[in-house]
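Novice: Numbering (our numbering), first residue to last: 45 to 336.
This is the structure I want to talk about, given as structure tokens.
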């Protein structure tokens, strides 16, 4: 009996971890600390960054609000996920939707408390972020003309918080932001190709549903090529060993274009999506090697 109870506890914990995308939250926290130390405040001491209470509060607010965002997004996408990701759907719904919504409000409450330790402006910033996530999840993601752009902005929005905190608006920061924006936008549009079946059944007005595969691929090719512009300027910025990451980015983006046009299966799109996801993941660790 104890073994059964223990197993059920760990399965539910895994379900919760999947619902809030615990792995993504961990990478986001690491990315914000590394960005703070090596991009926004390169002259600061590492310990000084880690022990900064205001920065900690901002990153905690980001983690809580983003986790809450994953919950509300899952809530609105439940029927679609039954079609596109049935196994993932079953795992995530071992925890009732009612319990997930309670956790959603608790996490958003924790977000505002953490932001309150920084300033009233921080509270307003995260209120906008929370509202933006809800608006996207409940309605905007069904509109082809704005869904991908809005989703991408929501991903990079937390980095605006620490950028405003450090008041660093150097051109290299803009290059990094542009690179991340176009890379995530490309990944998000590929995800729409991957999720075409569920989107079509549930009448989500995504680009592939409205305009078809060919037009979507042309647009993805355009955003992929646009990613090369900030990549070029980042290479010219002499970012130490991380320069090699951007050289590799050029090769990888060309591979993505070839894979995109060579096939039209869900498995192919999943491969491309995961390839870009892993590349972003390594990019986070690559920040450590700036100026080394």
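Built from N, CA and C at the ideal position, the CB exists for glycine as well.
Since residue 395 sits in a beta bridge, which residues does DSSP pair it with?
Specialist: What the structure shows of the chain is the stretch from 45 to 336, and residue 395 is not part of that stretch, so it cannot be assessed.
Novice: Ordered along the chain, which non-local residues of its own chain (more than five positions away) have a Cβ less than 8 Å from that of residue 212?
Specialist: The residue labelled residue 212 in the question sits at position 168 within the chain shown. Cβ neighbours of residue 212 beyond the five flanking positions: 83, 84, 85.
Novice: Three-state secondary structure (DSSP) at residue 121?
Specialist: If you number the chain shown from 1, residue 121 lands on position 77. Here residue 121 sits in helix by DSSP.
Novice: Assign residue 297 to buried or exposed, taking buried as 16 or more other Cβ atoms, counted over all protein chains shown, within 10 Å of its Cβ.
Specialist: Against the chain shown, residue 297 aligns to sequence position 253. Flag for residue 297 reads buried.
Novice: Can you check which of these residues, 171, 162, 164, is closest to residue 149 by C-alpha distance?
Specialist: Here residue 149 is taken as the residue at index 105 of the chain shown, counted from 1. Per the Cα distances, 171.
Novice: Would DSSP call residue 64 helix, strand or coil?
Specialist: On the chain shown, residue 64 is found 20 positions in, with the first residue counted as 1. Coil.
Novice: Given this structure, state the Cα-to-Cα distance separating residue 115 from residue 331, to the nearest angstrom.
Specialist: By 1-based counting over the chain shown, the position of residue 115 is 71. By 1-based counting over the chain shown, the position of residue 331 is 287. Whole-angstrom Cα-Cα distance: 29 Å.
Novice: If you scan the segment 198-250 from start to end, which runs of the alpha helix (DSSP H) of 4 or more residues do you find wholly inside it?
Specialist: 215-238, 240-245
Novice: Compare the C-alpha of residue 240 against each of 311, 60, 56 and name the closest.
Specialist: Counting from 1 along the chain shown, the entry for residue 240 is found at position 196. Residue 311 is the option with its Cα nearest to residue 240.
Novice: Note down, one range per segment and in chain order, each alpha helix (DSSP H) of at least 4 residues found wholly within the segment 133-160.
Specialist: 141-160
Novice: Going straight from the alpha carbon of residue 98 to that of residue 254, what length do you get?
Specialist: Counting from 1 along the chain shown, the entry for residue 98 is found at position 54. Counting from 1 along the chain shown, the entry for residue 254 is found at position 210. If I take the Cα positions, the gap works out to 45 Å.
Novice: Let's see if you can read the secondary structure: which residues bound the alpha helix (DSSP H) around residue 162?
Specialist: By one-based count along the chain shown, residue 162 stands at place 118. Run containing residue 162: none; DSSP gives neither H nor E here.
Novice: Quick one: any contact between the segment 194-204 and the segment 222-232, if contact means 3 or more CB pairs under 8 Å?
Specialist: yes
Novice: Which value, in whole angstroms, describes the spacing of the CA atoms of residue 106 and residue 93?
Specialist: What you label residue 106 is simply residue 62 of the chain shown in a count that begins at 1. What you label residue 93 is simply residue 49 of the chain shown in a count that begins at 1. Taking the straight line joining both Cα atoms gives about 16 Å.
Novice: Along the alpha helix (DSSP H) that carries residue 329, what are the first and last residues, could you check?
Specialist: Here residue 329 refers to the residue found at position 285 when the chain shown is read from its first residue. Counting along the chain, the alpha helix (DSSP H) containing residue 329 begins and ends at 310-330.
Novice: For residue 112, which option in 60, 234, 181, 151 has the closest C-alpha, if you only look at C-alpha atoms?
Specialist: What you label residue 112 is simply residue 68 of the chain shown in a count that begins at 1. Answer by Cα proximity: 151.
Novice: Run the CB neighbour count on residue 238, radius 10 Å, all protein chains shown included, and call it buried at 16 or more, exposed below.
Specialist: For this step, residue 238 is matched to residue 194 along the chain shown. Result: buried.
Novice: Please classify residue 327 as buried or exposed, where buried requires at least 16 neighbouring CB atoms within 10 angstroms.
Specialist: Position 283 of the chain shown, counted from the start, is the residue given in the question as residue 327. The residue in question, residue 327, is buried, as its Cβ has 16 or more Cβ neighbours within 10 Å.
Novice: Which word fits residue 140, buried or exposed, when buried means at least 16 other C-beta atoms lie within 10 angstroms of its C-beta?
Specialist: Counted from its first residue, the chain shown places residue 140 at position 96. Under this definition residue 140 is an exposed residue.
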